[in-house]
Amino acid sequence: MAQRQRVMLLYLADSSLEAKVIAWTRWDGTGERTHMSGDSDEPPYPTGLDALLDGWRLFQFSTLRPEAPGEEFRTSYLKYEFAFEQLVDVDG
Amino acid sequence: MADRSELLTTREMAEFAARGILRFDALVPAELNERFLAEVGTSGPPPGNPAGTPLADCYRESVVREIVALPRVQGIIESLVGPEPLFDHHGVHFSPPSSLFEAKGFRVLSQHTHQDSTIDPRRAFDLQLFYFPHEVTPEMGGTRYVPGTHLRVVSEVAIGRYQNILGQQKVVCPAGTVFAFHHGVWHGGEVNRSDETRFMLKIRLSPTVRQCRLWNTDDLTEDTTAPRPIFAPHTFNDPDPNDVRNILMQPEPWHEFDTGRLEWMQRIRFWRYLVGDESADVDYWWTRVENEPS
Numbered sequence: 000m001a002q003r004q005r006v007m008l009l010y011l012a013d014s015s016l017e018a019k020v021i022a023w024t025r026w027d028g029t030g031e032r033t034h035m036s037g038d039s040d041e042p043p044y045p046t047g048l049d050a051l052l053d054g055w056r057l058f059q060f061s062t063l064r065p066e067a068p069g070e071e072f073r074t075s076y077l078k079y080e081f082a083f084e085q086l087v088d089v090d091g
Numbered sequence: 000m001a002d003r004s005e006l007l008t009t010r011e012m013a014e015f016a017a018r019g020i021l022r023f024d025a026l027v028p029a030e031l032n033e034r035f036l037a038e039v040g041t042s043g044p045p046p047g048n049p050a051g052t053p054l055a056d057c058y059r060e061s062v063v064r065e066i067v068a069l070p071r072v073q074g075i076i077e078s079l080v081g082p083e084p085l086f087d088h089h090g091v092h093f094s095p096p097s098s099l100f101e102a103k104g105f106r107v108l109s110q111h112t113h114q115d116s117t118i119d120p121r122r123a124f125d126l127q128l129f130y131f132p133h134e135v136t137p138e139m140g141g142t143r144y145v146p147g148t149h150l151r152v153v154s155e156v157a158i159g160r161y162q163n164i165l166g167q168q169k170v171v172c173p174a175g176t177v178f179a180f181h182h183g184v185w186h187g188g189e190v191n192r193s194d195e196t197r198f199m200l201k202i203r204l205s206p207t208v209r210q211c212r213l214w215n216t217d218d219l220t221e222d223t224t225a226p227r228p229i230f231a232p233h234t235f236n237d238p239d240p241n242d243v244r245n246i247l248m249q250p251e252p253w254h255e256f257d258t259g260r261l262e263w264m265q266r267i268r269f270w271r272y273l274v275g276d277e278s279a280d281v282d283y284w285w286t287r288v289e290n291e292p293s
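Protein chains in written order, with numbering that gives the first Met the number 0: chain A, 0 to 91; chain V, 0 to 293.
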């Protein structure tokens with residue numbers, strides 16, 4: 000039995016896992032499902048914590064860094080990225 | 000010069016400042032839509048023009064010349080990038096049915112979300128007209144876009160890992176619909192699941208004048224952004240949809256709690272540029288952090 004990884008990125012409204020999901024991304028290493036940009040308009044979970052409660056393993060999240068001097072009010076990339084995984088048994 | 004009645008209103012400009020997008024359903028008449036599709040079908044996409052060519056000198060052999068000369072289209076262009084904009088580039092986007100590719104064994108994926116061109120921190124802005132010459136149904140996979148992302152400074156498709164964003168929209172529209180996009184709006188093409196090829200013409204135009212009060216400012220008064228009680232119940236419970244302050248402070252579903260406030264500040268900064276008043280503010284956001292008595 001081999002294992003494959005499913006990865007899910009959740010972007011939250013603040014740095015806490017309890018915050019609501021505002022953006023999301025999924026990739027399926029088993030090949031069962033193909034995800035792509037624009038494939039769903041409703042998030043898979045309402046909050047990051049809900050993903051944990053459903054068995055997803057959190058393996059990375061973005062750090063909090065002070066804004067660069069002179070750039071305090073600039074907006075750019077989404078700030079609160081949480082990366083989750085599931086390991087799935089597959090034949091082979 | 001466009002007729003003043005065809006220019007955008009202050010309310011529409013505030014909407015553009017806040018969301019980066021204006022939509023005009025079925026703006027182009029059926030006859031011009033049909034001629035455009037016939038032209039593309041027989042001659043291919045209209046030839047491009049050298050970057051920096053005045054728009055007035057472009058499309059001499061194409062029906063696109065008549066489309067951009069429509070009074071309302073002229074009014075939209077002039078309100079946003081002035082009366083004599085320059086042509087940057089255009090693209091005829093055509094998307095055949097995905098089944099044609101899938102039958103050949105290709106994996107069909109939608110286009111990654113991106114911001115056009117490259118990092119662009121200006122307050123000046125380019126206009127991107129998205130013209131849909133035929134009806135776009137949900138199955139046809141019209142352009143996906145995220146309202147309110149235009150003031151985020153990012154590097155093109157570096158945002159490609161964001162597959163879905165709360166509040167994202169997908170174009171479904173009648174024939175002849177025109178969208179006016181700020182160049183910074185995050186967007187991407189969807190997969191065409193219909194049996195028809197989808198067409199869209201995108202034209203990027205740049206200004207030659209300072210983009211200050213180019214619209215019909217008859218309804219722009221000194222108290223448009225006058226101070227008001229902050230966090231007052233009426234601003235939440237019964238907001239006047241025509242009040243510029245309410246339009247500029249309207250949150251988007253994807254706003255993070257803290258940077259959503261920065262989005263409001265960026266909109267106000269953009270509004271300052273549009274009205275030519277560096278003291279303009281809404282709900283004290285800039286006045287508070289600029290207050291350094293000496």
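Virtual Cβ for every residue (Gly too), placed ideally from N, Cα, C.
Whole-angstrom distance between residue j and residue i, CA atom to CA atom
i, j, result
"S94(V)", "A12(A)", "35 angstroms"
"W285(V)", "L26(V)", "38 angstroms"
"G47(A)", "W253(V)", "15 angstroms"
"L52(A)", "P228(V)", "42 angstroms"
"L150(V)", "E262(V)", "8 angstroms"
"T62(A)", "E38(V)", "53 angstroms"
"P44(V)", "L99(V)", "21 angstroms"
"G259(V)", "E41(A)", "20 angstroms"
"V6(A)", "W23(A)", "11 angstroms"
"N48(V)", "H88(V)", "7 angstroms"
"D194(V)", "P96(V)", "5 angstroms"
"L204(V)", "V20(A)", "36 angstroms"
"Q110(V)", "P226(V)", "43 angstroms"
"R299(V)", "N191(V)", "This structure does not reach residue 299(V), given that chain V is present from 0 up to 293, and the question cannot be answered."
Residue-level contact to chain V via CB, residue i, 8 angstroms cutoff
i, result
"E67(A)", "The amino acid occupying residue 67(A) in the given sequence is Ala; Glu does not appear at that position. False, the Cβ-Cβ gap to chain V never drops below 8 angstroms."
"L8(A)", "yes"
"A82(A)", "no"
"L77(A)", "yes"
"A12(A)", "yes"
Residue range of the unbroken alpha helix (DSSP H) whose run includes residue i
i, result
"D49(A)", "G47 to L52"
"W253(V)", "Careful: W253(V) lies outside any alpha helix (DSSP H) and carries neither H nor E."
"T41(V)", "A29 to S42"
"W284(V)", "W284 to V288"
"G90(V)", "Segment L85 to S94 is the beta strand (DSSP E) holding G90(V); no alpha helix (DSSP H) there."
"H233(V)", "P232 to N236"
Cβ of residue i within 8 angstroms of any chain A Cβ
i, result
"R151(V)", "yes"
"H92(V)", "no"
"W270(V)", "no"
"E189(V)", "yes"
"H186(V)", "no"
"P163(V)", "In the sequence as presented, Pro is not what sits at residue 163(V); that position holds Asn. Yes, N163(V) counts as interfacial toward chain A."
"H111(V)", "yes"
"I158(V)", "yes"
"F105(V)", "no"
"M108(V)", "Met is not the amino acid found at residue 108(V); the sequence shown has Leu there. So, interface residue."
The beta strand (DSSP E) enclosing residue i, as first and last residue numbers
i, result
"D88(A)", "E80 to V89"
"V177(V)", "T176 to H181"
"Q110(V)", "Looking at the DSSP string, Q110(V) is not in any beta strand (DSSP E), and its letter there is neither H nor E."
Residues in the stretch 22 to 44 of chain A having any Cβ partner in chain V nearer than 8 angstroms: A22, W23, T24, R25, T33, H34, M35, S36, G37, D38, S39, D40 and P42
Tell me which residues of the stretch 49 to 73 of chain A have at least one Cβ-Cβ distance to chain V shorter than 8 angstroms, keeping chain order. F72 and R73
With 8 angstroms as the C-beta to C-beta threshold (strictly closer), list the residues of the stretch 242 to 254 of chain V near chain A in chain order. Contact annotation: in the stretch 242 to 254 of chain V, residues whose CB is within less than 8 angstroms of a CB in chain A are P252, W253 and H254.
Report the residues of the stretch 113 to 142 of chain V with a CB closer than 9 angstroms to any CB of chain A, ordered along the chain. P120 and G140
Inside the stretch 10 to 80 of chain A only - alpha helix (DSSP H) runs reaching at least 4 residues: 47 to 52
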